[in-house]
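A.B. asks: Residue numbers (my numbering): 5 to 393.
1. What is the DSSP secondary structure of residue 67, reduced to helix, strand or coil?
2. Please determine, among 332, 325 and 302, the residue with the shortest C-alpha to C-alpha distance to residue 279.
3. First and last residue of the beta strand (DSSP E) that includes residue 294?
4. At what residues does the alpha helix (DSSP H) containing residue 188 begin and finish?
5. Just tell me which of 63, 94, 64 and 101 has its CA closest to the CA of residue 75.
6. Any idea what DSSP makes of residue 315, helix, strand or coil?
7. With respect to the beta strand (DSSP E) encompassing residue 351, which residues constitute its N-terminal and C-terminal limits?
8. Tell me, please, which residues DSSP counts as bridged to residue 152.
9. Cβ of residue 144 versus every heavy atom of the ligand MG: is any distance shorter than 7 Å?
10. Run through DSSP, which three-state label would residue 308 get?
11. Residues bridged to residue 270 by DSSP?
12. Let's test the definition: count the other Cβ atoms within 10 Å of the Cβ of residue 163 and tell me whether it reaches 16, buried, or not, exposed.
13. Taking the alpha-carbon positions, what's the residue 27 to residue 93 distance?
14. Based on the DSSP output, what are the partners of residue 344 in its beta bridges?
15. For a test of the three-state rule: what should DSSP assign to residue 334, helix, strand or coil?
16. Since I believe residue 125 is in contact with residue 69 (beta carbons under 8 Å), could you give me their beta-carbon distance rounded to a whole number of angstroms?
17. Tell me which residue opens and which closes the beta strand (DSSP E) that residue 369 is part of.
18. What does a CB cutoff of less than 8 Å around residue 201 pick up in its chain, not counting 5 residues either side in sequence?
19. Starting from the C-beta of residue 332, find all residues in its chain whose C-beta is less than 7 Å away, skip the five residues before and the five after it, and write them out in chain order.
20. Can the beta-carbon of residue 2 be found closer than 8 Å to that of residue 256?
21. Tell me whether residue 103 sits in a helix, a strand or coil according to DSSP, three-state version.
22. Which one or two residues does DSSP pair with residue 236 in a beta bridge?
23. Measuring CA to CA, which of 109, 136 and 169 is closest to residue 344?
24. Would you call residue 211 buried or exposed, if buried means 16 or more other Cβ atoms sit within 10 Å of its Cβ?
25. Pull the bridge partners of residue 97 from the DSSP assignment, please.
26. So which of 348, 346, 347 and 368 has the shortest CA-CA distance to residue 356?
27. Helix, strand or coil, according to DSSP, for residue 400 in the structure here?
28. Please determine, among 106, 104 and 64, the residue with the shortest C-alpha to C-alpha distance to residue 98.
29. Residues bridged to residue 231 by DSSP?
30. With DSSP as the reference, identify every bridge partner of residue 72, one or two as the case may be.
31. Please state whether DSSP places residue 166 in a helix, a strand or coil.
32. For residue 157, which residues does DSSP report across the bridge?
33. Which of the three DSSP states, helix, strand or coil, is assigned to residue 147?
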């Protein structure tokens, strides 16, 4: 299947590269779309037409929407950049919407997109409870749909039926948790620790699919007696998760004097940054932290706080956007696409980073970054060589 995806897209890109011209720019934290459009060439000579296939013609001029239900930030920006840059190479208009983790706003935005003249939609971080009903009207209308960290299961039940025709993409969340928790335990053992580890756990859910999948690995280690959870720190306000986590962590830290906590596990970097702020405010450098997800902000905080923030497991967010757009392209072409597509993870150690590093440098620092095994099937030399840029 992976080989077929690559071959089909390589052929499509060769044919459609000269038709590129319409793209969107990433949106700020608002539901107003940001679009930057240059008209794709609509007229060709008879000679040019003779050399084109109907598939290539059908790709150029598509209009898609990307709805990201997370707060604006550089991780979100890079995901959107991946969608926009790849859509531009296909000759599409790409409108982006950021709904700041506001589920009501996300559903309203998706409904507005469906009511307009979009050919396809990519939805990131919709909740399990409403995603099926939110996206079914799009499929009923004939729109193509790809999701990221959004599971449109019938009835809002993780054991239910996936909405027909949708490809649900995700980071390999179990692998992310295994990398993060594995390194946490590796360092614990190297420092002479004896199980169970006493851990402060950050979490949101249940009902958030990627975090639920990460939590499966954590609870397994609990059941095995490797981890003892001292506290679960969870935000009450998802729109201000970072600030809320700072306040909640500050309130519990006095209960745990130095030496009483072995580690903090950050299931999501935005939560971890709030915890780090509370640790810094309290002058606490005795508790190491191991997290998931990465951004430019994270890299700088890791480098500035090496005694605390030890590692983060992650997938290149720009690559996620690229892969989602390519899957949407296959759907437009009528090609077979998988129901599920996972992207492989990497573990980033603070000791591998320097203050000059950004996300753009990770490909030269982390083996396989931006070119992991699964997405490599959609991002090969044949496709890259066909780009007009």
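Idealized CB from N, CA, C, for every residue including glycine.
C.D. replies: According to the data block:
1. strand
2. 302
3. 293-296
4. Unbroken alpha helix (DSSP H) run through residue 188: 177-194.
5. With distances taken between Cα atoms, residue 75 lies closest to 101.
6. Strand.
7. 350-353
8. 128 and 173
9. Of the ligands one can find in the structure shown there are none, so the ligand MG has no counterpart to examine.
10. helix
11. 206 and 295
12. exposed
13. Residue placement at residue 27 is flagged as unreliable, the pLDDT there being 38, under the threshold of 50; a coordinate-derived value is accordingly withheld.
14. 172
15. helix
16. 5 Å
17. Looking at the DSSP string, residue 369 is not in any beta strand (DSSP E); the run it does join, the alpha helix (DSSP H), is 366-369.
18. These residues qualify, in order along the chain: 188, 189, 192, 230, 231, 232, 266 and 267.
19. 68, 124, 126, 148 and 150
20. With the chain represented from 5 up to 393, any question about residue 2 goes unanswered, as that position is not in the structure.
21. coil
22. 205
23. 169
24. Counting Cβ neighbours within 10 Å, residue 211 comes out exposed, since fewer than 16 surround it.
25. Beta-bridge pairing links residue 97 to 67.
26. 368
27. Residue numbering for the chain in the displayed model covers 5 to 393; residue 400 lies beyond these limits and cannot be assessed.
28. Of the candidates 106, 104 and 64, the one whose C-alpha sits nearest the C-alpha of residue 98 is 64.
29. 201
30. 102 and 128
31. Assignment of residue 166 by DSSP, reduced to helix, strand and coil, places it in the strand class.
32. 166
33. coil
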